[in-house]
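Read left to right, the sequence shown gives residues 1 to 199 (full-length UniProt numbering). No residue lacks a Cβ here, since even glycine has one placed at the ideal position from N, Cα and C. Values in this document were obtained by computation on a predicted structure and should not be read as measured data. The next block holds one structure in the form of structure tokens; read it before the comments.
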Amino acid sequence: MDYASKLSISPQVINTMEQSNEPWGIKDKNSCWIFGNQACKFFQNFGNSFDYEGRYDNELPWDGAEFAKEYVIHDQSVMKNKTRVCSLETHMYGKDKFLSSYFCEKYPLYNNEYECVGTMFHCYKVEDFSFTRLFRGKLPASILFQPPTDLFTKREWDVIFLILQKYTSKQIGRMLNISYRTVETHLSRIYKRIDIHSK
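Okay, structure coming up:
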């Protein structure tokens, strides 16, 4: 906890995270671990005495360490944009090493002068949710839920994703709970915005 006190992290924040049965953690601006709660240790199958402080993701003894570069990119995005990033993490978790998916929300961590000094994250299990039917083949280990550009609306990105999965307008309409004509209107706007014209 010495490092946490250097960053002026409130003991109440640490205590609140520690009491949670869901994984919580804190990293500094260099993506070096400051704190991980007991649920985080269970989540990554570490013993109760394991100490995250001073370690980097690639130094953690678990299968997800191979994705350390992606985690650092997520951290940097949170700190640069000063906004939450949510990713879907699919790995072998827990003592029994079950393949599971968790949403991981990362937030900027501010000091008393409102300077971003790192990130804090919270993970929670995805229930009854399968991307395997959308990713014919290997499921990515980490999926970001932020669009790559602001060129399209959130709904247009949904339509683009589902069109790329070869769903029809009617199928997309049912999945998004909108009419197929609304889907076609979205497609028309998308094509117009990227200057694609039909013959």
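contact_flag[the region 22-35, the region 71-78] where n(CB pairs < 8 Å) is 3 or more: yes
Rounded separation between F152 and V183 - CA only: 14 Å
Nearest to C104 (by Cα), restricted to the options K95, Y93, E89: E89
Distance between G47 and K166 (C-alpha atoms, nearest Å): 45 Å
Assigned exposure category for Q19 - 16 Cβ within 10 Å defines buried: exposed
Per-residue burial, F129 [other beta carbons within 10 Å of its own, 16 or more giving buried]: Any reading at F129 needs caution, since the residue's pLDDT is 46, under 50, leaving its predicted position unreliable; the model's value is listed next. Result: exposed.
Close-in-space but distant-in-sequence residues of the same chain around Q38 (CB under 7 Å, 5 per side omitted): E18, N48
Helix, strand or coil at D28 [DSSP, three-state]: Reduced to three states, the DSSP call for D28 is strand.
C-beta contact flag for E22 and H122 at 8 Å: Yes. Within cutoff.
6 Å CB neighbourhood of K95 in its chain, flanking five on each side removed: N45
Limits of the alpha helix (DSSP H) - the one that Y191 falls within: 180-193
Residue burial classification, L162 (beta-carbon count within 10 angstroms, cutoff 16): buried
Burial state of T119 (16 or more Cβ within 10 Å): buried
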